[in-house]
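Engineer: For reference, the structure I am asking about is given below.
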Amino acid sequence: MSLSSLLVQREIATIREIEEALARQVLYGGDLITNLLEVSHISEDVLISAAADLHGVPPAPGGTLPVPSAEARQLVPGEVVATHAIVPLSVDRYGLVVAVSEPLSRQSEQELAFALAMPIAQRLTSQLRIREALARDYSLPLERRFVRLLARLRGEVVESTSSLPPRMPDAVSLSPRAPAVPSVHATTRGMPAVKPDARPPQLLKRSNAPPAAPAKRRRGPMTVEDARTELDEA
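Going left to right, the sequence shown walks through residues 666 to 899 as the working numbering numbers them.
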């Protein structure tokens, strides 16, 4: 059985919370417990206890892990804790007690026990607490998401930050703008003003007088009698 199924079966988390945590796990990494703590208000101790039952490993102390004893810290150098993602807690008659966010494989446990010349006893906690302890005791960098989550678990007010892109400015119409129609004053600038009621000039009225008779053609030289006749007709 998976941890997600166990949490739903025990009604520790809802299906929706599990789905959201799994989606975040795909995007941002980390273990299921840490992602559930980011999207819900489920108790961290309850989640770790369920995971410990699932893997058959005793849980580590709740909350921030205790500072390792001087003997335990001397046994495990920084490169070893970074490689295996473990936090030494103490040394007792049974061996070295270490905190893990997931159980070590049998091969990793045997290699570590051989290198340290003592048995390894594992205690289960969340990846969040492992990273917190490594940053505190070995000065390893701590991601911002863990810093924010730790602050929230301590009851501090954490401002929410959005991953959405910045808001666009107010909507602007992208439709083509109609060409401006020039005003009448602009198109008639430089032309003589025309009154609205001005009428076009009237044509001259045609005369009803009959057309003049064509002049009679005269043959031969003009005589005195012909001249008198033309004067009378005129």
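Here a beta-carbon is modelled for each residue, glycine too, at the ideal position from N, C-alpha and C.
What number of angstroms, rounded off, separates the C-alpha of residue 683 from the C-alpha of residue 794?
Structural biologist: Their backbone Cα atoms lie some 20 angstroms apart in a straight line.
Engineer: Could you tell me which residues DSSP pairs with residue 893 in its beta bridges?
Structural biologist: Per DSSP, none; premise fails for residue 893.
Engineer: Keeping to the same chain, check which residues put their C-beta closer than 6 angstroms to that of residue 756; ignore five residues upstream and five downstream.
Structural biologist: Excluding positions up to five away in sequence, the list reads 736, 737.
Engineer: Measuring CA to CA, which of 779, 702, 752 is closest to residue 730?
Structural biologist: Among 779, 702, 752, the Cα nearest to that of residue 730 belongs to 752.
Engineer: If you drop the 5 nearest sequence neighbours on each side, which residues of the same chain put their C-beta closer than 8 angstroms to that of residue 816?
Structural biologist: So the list reads 823, once near-sequence residues are dropped.
Engineer: What is the DSSP secondary structure of residue 722, reduced to helix, strand or coil?
Structural biologist: It is coil, neither helix nor strand.
Engineer: Under 8 angstroms by Cβ, that's how I've got residue 814 and residue 702 pegged, so tell me the actual separation to the nearest angstrom.
Structural biologist: Sure, about 6 angstroms apart at Cβ, within 8 angstroms.
Engineer: Kindly indicate the opening and closing residues of the beta strand (DSSP E) around residue 788.
Structural biologist: That run of the beta strand (DSSP E) goes 785-789.
Engineer: If residue 760 sits next to residue 785, beta carbons under 8 angstroms apart, how far is it from one beta carbon to the other, in whole angstroms?
Structural biologist: Contact holds; Cβ gap of about 6 angstroms.
Engineer: Give the DSSP-derived three-state secondary structure of residue 823 in the structure shown.
Structural biologist: If DSSP states are grouped into helix, strand and coil, residue 823 belongs with coil.
Engineer: With DSSP as the reference, please indicate the residues paired to residue 764 in a beta bridge.
Structural biologist: DSSP lists 752, 788 as partners of residue 764.
Engineer: Three-state secondary structure (DSSP) at residue 757?
Structural biologist: In this structure, residue 757 counts as strand in the three-state DSSP scheme.
Engineer: Can you find the residues in the same chain that come closer than 7 angstroms, C-beta to C-beta, to residue 803, ignoring five residues on each side of it along the sequence?
Structural biologist: Closer than 7 angstroms at Cβ, skipping near neighbours: 743, 746.
Engineer: Using C-beta distances below 8 angstroms, list every residue in its chain close to residue 797, excluding the 5 sequence neighbours before and after it, in chain order.
Structural biologist: Here the set comprises 729, 730, 807, 811, 815.
Engineer: Cβ atoms of residue 749 and residue 766: under 8 angstroms apart, would you say?
Structural biologist: No, these two residues do not count as a Cβ contact at 8 angstroms.
Engineer: Rank 724, 704, 700 by C-alpha distance to the C-alpha of residue 638 and give the top, closest one.
Structural biologist: The requested residue 638 is not part of the displayed model; the chain covers only 666 to 899.
Engineer: Based on Cα-Cα distance, which residue from 706, 893, 791 lies nearest to residue 956?
Structural biologist: This structure does not reach residue 956, given that the chain is present from 666 up to 899, and the question cannot be answered.
Engineer: Suppose you measure from the CA of residue 690 to the CA of residue 700; what does that come to, to the nearest Å?
Structural biologist: Taking the straight line joining both Cα atoms gives about 6 angstroms.
Engineer: Span of the alpha helix (DSSP H) holding residue 707?
Structural biologist: Where residue 707 is concerned, there is no enclosing alpha helix (DSSP H), given that its DSSP letter is neither H nor E.
Engineer: By the DSSP assignment, the alpha helix (DSSP H) with residue 774 in it spans what residues?
Structural biologist: Note, residue 774: alpha helix (DSSP H), 771-781.
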